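Asks:
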């Protein structure tokens, strides 16, 4: 949620500073990381407990596989169908990845 909030604030400020297409491209880049991460979370944390250890491991594996495939598919879909500025889109994606990494260290 924090990633999405930070990405939204940055994209709005970029949209105000430059133009709306640049801000939209940045926000879409952020969403290209946040949405697959959310899907991974749904898959990975379905099971808990020591008795379901194999199910937990399998759900993590499936979740990561779906996350990678969904990220690639969404990138292709966005690039093919939505007019975006690719370097800004990729910068938004990288910013979301870096904030995810920093959140795991800081919190």
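Numbering (the numbering used here), first residue to last: 1 to 107. Cβ atoms here follow ideal geometry from the backbone N, Cα and C, with glycine treated the same way. From a predicted model like this one, the values you see are computed outputs, not experimental measurements.
My output table needs one value for residue 36: the three-state DSSP class, helix, strand or coil.
Replies: helix
Asks: Three Cβ pairs or more, each shorter than 8 Å: is that satisfied between the stretch 1-15 and the stretch 86-103?
Replies: yes
Asks: For residue 43, which option in 56, 32 and 103 has the closest C-alpha, if you only look at C-alpha atoms?
Replies: When the alpha-carbon of residue 43 is set against those of 56, 32 and 103, the nearest one is in 56.
Asks: For residue 51 and residue 92, I'd like the C-alpha separation in whole angstroms.
Replies: 40 Å
Asks: Out of 67, 28, 74 and 102, state which residue places its alpha-carbon closest to the alpha-carbon of residue 41.
Replies: 67
Asks: Output yes or no for whether 7 Å exceeds the beta carbon distance between residue 16 and residue 26.
Replies: no
Asks: Going by beta-carbon coordinates alone, are residue 28 and residue 78 separated by less than 7 Å?
Replies: yes
Asks: Do you know offhand how far residue 103's Cα is from residue 80's?
Replies: 32 Å
Asks: I'd like to check one pair, residue 47 with residue 59: are the Cβ atoms closer than 7 Å?
Replies: yes
Asks: Quick one: what's got a C-beta closer than 8 Å to residue 2's C-beta in the same chain, skipping five residues either side?
Replies: Hits under 8 Å: 99 and 103.
Asks: Leaving out the 5 sequence neighbours to the left and right, which residues in its chain are closer than 8 Å to residue 18 when beta-carbon positions are compared?
Replies: none
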